[in-house]
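Asks:
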Amino acid sequence: QVQLQESGPGLVKPSETLSLTCAVSDYFITSGYYWGWVRQPPGKGLEWIGSIYHSRTTFYNPSLKSRVTILVDVSQNQFSLKLNSVGAADTAVYYCARLGGSIVGGSYFDHWGQGILVTVSS
Amino acid sequence: QSALTQPPSASGSPGQSVTISCTGSSSDIGAYNYVSWYQQYPGKAPELLIYEVNKRPSGVSDRFSGSKSANTASLTVSRLRAEDEADYYCSSYAGSYDLIFGGGTKLTVL
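Residue numbers (this note's numbering), protein chains in the order written: chain A, 2 to 123; chain B, 37 to 146.
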């Protein structure tokens with residue numbers, strides 16, 4: 002059973018860069034599937050941020066694309082998220098997840114991390 | 037890229053059936069059979085209930101079923117139980133490698 006665990010700072014200052022890592026265990030990232038990030042502002046709905054394959058192919062939410070970078074480190078079996086120029090609207094619980102599906106990029110999230118709350122505040 | 041539309045709330049009594057709708061457009065739900073549904077308890081990560089419109093992952097109760105008609109997808113919870121009280125989110129592939137979610141529906145078991 003694949004497991005995912007997010008880690009990173011819980012507090013980021015406005016205009017700085019949010020950086021998170023997702024460690025994957027009990028499954029090798031290089032074995033397949035896309036891996037992605039989803040966020041959820043407090044009391045609100047879910048928003049897909051972007052996804053990556055072990056070959057480093059990436060897909061991003063068009064509304065966040067200019068500020069997002071997702072990277073993969075196969076040697077550490079983990080992938081990461083960087084979101085720059087953050088503001089209060091980026092305060093959210095950030096989840097990493099594995100994507101399933103028969104289409105390129107995946108179409109659903111079948112395994113999720115527990116989530117990490119990141120607050121943007123000075 | 038617009039979010040899918042879900043009713044903010046739904047409710048039903050134990051033993052009854054409840055259906056939650058998810059309305060999109062001809063560019064997402066209407067164009068692809070890639071609708072998924074998630075259940076989320078407070079403070080917990082979402083869990084996959086339905087994928088590709090009507091498929092259930094191993095371990096998900098057959099009380100949960102999905103369907104689609106034109107630009108609207110639906111999740112039906114049959115034989116309602118107290119443990120079904122949670123938030124439910126729909127999602128759809130929207131083309132160009134884009135994934136969108138609905139705003140969520142809070143299901144209350146009366």
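From the three backbone atoms N, C-alpha and C, an ideal C-beta is built for every residue, glycine too.
So which residues of chain A does Pro93/B contact, with C-beta pairs closer than 8 Å?
Replies: In the second sequence, counting from the first residue as 1, residue 93/B sits at position 57. By Cβ distance, chain A contributes Asp111.
Asks: Run through chain A and tell me which residues come within less than 7 Å of Gly131/B, C-beta to C-beta.
Replies: Taking the second sequence and counting its residues from 1, the one referred to as residue 131/B is at position 95. Those do not exist, as Gly131/B stays about 10 Å from chain A at its closest Cβ, beyond 7 Å.
Asks: When you compare only the Cα positions, how much space is there between Leu116/B and Ser49/B?
Replies: Here residue 116/B is taken as the residue at index 80 of the second sequence, counted from 1. Here residue 49/B is taken as the residue at index 13 of the second sequence, counted from 1. Rounded to the nearest angstrom, the two C-alpha atoms are 7 Å apart.
Asks: Closest Cβ-Cβ distance between Trp49/A and chain B: below 9 Å?
Replies: Position 48 of the first sequence, counting from 1, holds the residue named residue 49/A. Trp49/A counts as touching chain B.
Asks: Which runs of the beta strand (DSSP E) at least 3 residues long sit entirely within the region 57 to 96 of chain B? Give them in chain order.
Replies: Whole beta strand (DSSP E) segments, 3+ residues: 71 to 76 and 83 to 86.
Asks: Excluding sequence positions up to five away, which residues of its chain have a Cβ less than 6 Å from the Cβ of Leu72/A?
Replies: In the first sequence, residue 72/A corresponds to position 71, counting from 1. So the qualifying residues of the chain are Ser81.
Asks: Is Asp64/B near Asn62/A, with beta carbons less than 9 Å apart?
Replies: Start at 1 with the first residue of the second sequence, and residue 64/B comes out as number 28. Start at 1 with the first residue of the first sequence, and residue 62/A comes out as number 61. Contact: no.
Asks: State buried or exposed for Lys80/B, treating a residue as buried only when at least 16 other CB atoms are found within 10 Å of its CB.
Replies: Within the second sequence, numbered from 1, the residue matching residue 80/B stands at position 44. It counts as exposed.
Asks: Quick one: which chain A residues come within Cβ less than 9 Å of Phe100/B?
Replies: Taking the second sequence and counting its residues from 1, one reaches residue 100/B at position 64. Ordered by position in chain A, no residue passes the 9 Å Cβ test against Phe100/B, which lies about 14 Å from the chain.
Asks: Unbroken beta strand (DSSP E) runs of length 3 or more, entirely within the region 120 to 145 of chain B: which are they?
Replies: The region 120 to 145 of chain B contains these whole beta strand (DSSP E) runs: 122 to 129, 135 to 137 and 141 to 145.
Asks: At which residues does the beta strand (DSSP E) containing His112/A begin and terminate?
Replies: The sequence position of residue 112/A within the first sequence is 111, counting from 1. His112/A -> beta strand (DSSP E) spans Tyr109 to Trp113.
Asks: Taking 9 Å as the CB-CB cut-off, is Phe29/A touching chain B?
Replies: Numbered from 1 along the first sequence, position 28 holds the residue referred to as residue 29/A. For Phe29/A, the answer is no, since every Cβ of chain B falls outside 9 Å of its Cβ.
Asks: Classify Ile50/A as helix, strand or coil using the three-state DSSP reduction.
Replies: As a first step, residue 50/A must be located in the first sequence, where it is residue number 49. Of the three classes helix, strand and coil, the one that applies to Ile50/A here is strand, per DSSP.
Asks: Taking the DSSP output, what are the residues bridged to Glu17/A?
Replies: For the purposes of this step, residue 17/A is identified with residue 16 of the first sequence, where counting begins at 1. In the DSSP output, where bridge partners are listed per residue, Glu17/A has none listed.
Asks: Asn69/B to Gly107/A, Cα distance in whole Å?
Replies: Residue mapping note: residue 69/B aligns to position 33 of the second sequence, counting from 1. Residue mapping note: residue 107/A aligns to position 106 of the first sequence, counting from 1. Roughly 13 Å between the two C-alpha positions.
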